[in-house]
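Since the structure comes first, as structure tokens, the remarks are kept for the end.
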Amino acid sequence: MNYCYTDSLTGILNTAGFMKQGTSLCEKNIQTDYIGLFLNIKGFRYINQRFGFTYGDDAMRKYAQRIQKLLLPDELFARLGCDNYALLVKKERVDTLLDSLLSVRVHIQLEDFVNTFDLSSRAGLYTIKPEDTMNDIINRITVAGLLAKSSPHHNTIWFREAMMERYIHNKEIADSFISAIENNEFSVYYQPKVSLDNQTLCGCEALARWDRVSEVIFPSEFVPILEQEGSICVLDFYVLENVCRDIRNWLDTGIEPVRISTNFSKIHLHNKNLAKDILRILDRYQIDTKYIEIELTETCGYEDFESLSNFVDTMKAHGVHTSLDDFGTGYSSLTLLKDLNIDTIKLDKSFLSQSPNTTNKRTNEIVIKTVINMAIDLEMQVICEGVETIEQAQLLRSLHCDAAQGFLFDGPLSHDDFEKRLQTGRVYHKI
Ligand code: C2E
Ligand code: MG
Ligand code: MG
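Residue -4 is where the sequence shown starts when you use the numbering used here, and the numbers rise one by one after that.
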């Protein structure tokens, strides 16, 4: 066995081995007999978290062995790292093989019993062209594979050339992030939250803006990219720190701030010290915890839910409010919600029907009403995002929704415009 070309955990090829053996196929000009595949195992992290790394390693080895057994001697299979794999399989076999590659059953021996898992994967696929080198092939399967990995709808994605342009663009964004932070290209905007009872400013949300040399990039573009890279965590703390600095300045100049929420990506939930890290920043700026709220989006797995719930409890114990952002767009079930000590639910703007169709409107009203009543029963506050019309605000008020955020009142405001609001514009006369 040549150790330079072998993955030490699974015994199959590593990236260098895949490159070497693939290159000899290219030299023989037979690479077009193959389809390139990138496989990523879904949620493998949970196996490590739940059973520990020894069993995780065992599952990984068995997974690789199972797949290797499905392949012909002249097909290639390699571990690229973590839970990412690459394959070259014969064109005519892909259709029949794919299902078996996407769901692999493994048995691991725990102390006193055998646990059986079905490890499901997502795949990126690529039809190899005669001029392709192994670099081209690996790049293209990886691009399609990463798209499949982050797709909520597709387990398999075939590579198209347009994906490469998108990938390069996204890579540029990811690569310029750290220097953008250092050059202060990010700024914080503040979007007011308005109490529906008395139409006064009752809080605001901090939203990041990236002013690049020639353009402003909006979070809908950069947040998903930074989330994939993990660098969103740096941005979230950067925003929190700026918010704390602004609050400190306002307090020092005699301007009473409102509670300001900042968005924290769910990726932070893997950080066991998240609560401590946040509290340390508040402490550094001597900010009373009543001025800060942390917005988190819904999570999908139970493990994530547990981390979310622990984080919320710690924040609550220190007087920091938490809210569940974009409620209604994710996976959280109402049964989970009752076990969460969250202070506020933020109804997503999709709850607000723009449709003139009376039946749709009626259905939406019933849903909003039910969620608001449930939140009241659970002693949570409710705020609705994306409120754009007087009619929507009136409806929300009649259903006892506590607050609203949206263009009807204000869009996200620059620091100076928001400061004016704090000083002289706390009352809105909109509804
Ligand atoms: P979000 O937290 O749900 O923030 C609300 C988004 O809705 C903001 O978009 C806001 O500008 C937009 N919005 C506000 N009022 C209205 C309205 O009346 N109508 C409509 N159609 N839209 C409205 P923005 O600023 O582009 O942010 C998009 C998302 O990016 C945010 O959604 C949040 O999830 C994320 N985001 C923004 N800043 C950060 C950040 O610093 N960290 C993290 N992790 N995520 C951030
Ligand atoms: Mg938010
Ligand atoms: Mg939201």
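Cβ atoms here follow ideal geometry from the backbone N, Cα and C, with glycine treated the same way. Every value quoted in this text rests on a predicted model; they were computed, and no experiment measured them.
C-alpha gap between residue i and residue j, whole angstroms
i, j, result
"Lys85", "Ile132", "15 Å"
"Val366", "Lys144", "32 Å"
"Ala398", "Ala175", "34 Å"
"Cys21", "Arg40", "35 Å"
"Leu408", "Cys(-1)", "56 Å"
"Cys228", "Lys333", "28 Å"
"Thr284", "Asp411", "23 Å"
"Glu236", "Glu290", "15 Å"
"Asp69", "Phe181", "51 Å"
"Asp2", "His316", "47 Å"
"Met129", "Leu142", "20 Å"
"Lys356", "Ile363", "11 Å"
"Lys344", "Glu301", "27 Å"
"His164", "Ser171", "11 Å"
"Asp192", "Asp78", "52 Å"
"Ser215", "Lys23", "46 Å"
"Val138", "Asn244", "45 Å"
"Gln389", "Phe404", "13 Å"
Ligand 3 heavy atom lying under 6 Å from the CB of residue i
i, result
"Glu380", "yes"
Opening and closing residue of the beta strand (DSSP E) in which residue i lies
i, result
"Asn79", "Asn79 to Lys85"
"Val253", "No beta strand (DSSP E) holds Val253; DSSP gives it neither H nor E."
"His410", "Per DSSP, His410 belongs to no beta strand (DSSP E); it is in the alpha helix (DSSP H), His410 to Thr419."
Top-ranked residue by Cα proximity to residue i, from the options
i, options, result
"Lys271", "Asp308, Leu93 and Val238", "Asp308"
"Asp338", "Lys356, Lys311, Ile361 and Ser345", "Lys311"
"Phe48", "Val238, Asn9, Ile103 and Gly406", "Ile103"
"Ile36", "Lys124, Leu114, Asp343 and Val218", "Leu114"
"Ala118", "Met129, Gly140 and Gly38", "Gly140"
"Cys379", "Trp205, Gly38, Glu200 and Asn9", "Glu200"
"Val109", "Glu301, Leu230 and Asp53", "Asp53"
"Glu210", "Arg243, Tyr286, Ile168 and Phe232", "Ile168"
"Glu440", "Trp205, Leu66, Gln223 and His263", "With the chain represented from -4 up to 426, any question about residue 440 goes unanswered, as that position is not in the structure."
"Leu75", "Glu106, Phe404, Leu230 and Ile136", "Ile136"
"Val208", "Tyr184, Phe232, Asn179 and Gly406", "Asn179"
"Phe112", "Arg392, Val99, Gln44 and Glu222", "Val99"
Residue i beta carbon near ligand 2 (any heavy atom closer than 6 Å)
i, result
"Asp320", "yes"
"Asn258", "yes"
Beta-carbon separation (whole angstroms), residue i vs residue j, contact threshold 8 Å
i, j, result
"Leu83", "Gly17", "6 Å"
"Ile250", "Glu414", "7 Å"
"Phe154", "Ala81", "Rounded, the Cβ-Cβ distance is 13 Å, inconsistent with contact."
"Glu288", "Ser256", "4 Å"
"Asp127", "Gln26", "6 Å"
"Ser304", "Lys341", "The pair is not a contact, with the Cβ atoms about 18 Å apart (cut-off 8 Å)."
Residue span of the alpha helix (DSSP H) that contains residue i, given as start and end
i, result
"His164", "Glu156 to Glu177"
"Arg45", "Phe39 to Phe46"
"Gln16", "Thr10 to Glu22"
Closer than 6 Å: residue i CB and nearest ligand 1 heavy atom
i, result
"Ile289", "no"
"Val253", "no"
"Asp231", "yes"
"Ser348", "no"
"Glu210", "no"
"Leu105", "no"
"Pro68", "no"
"Glu180", "no"
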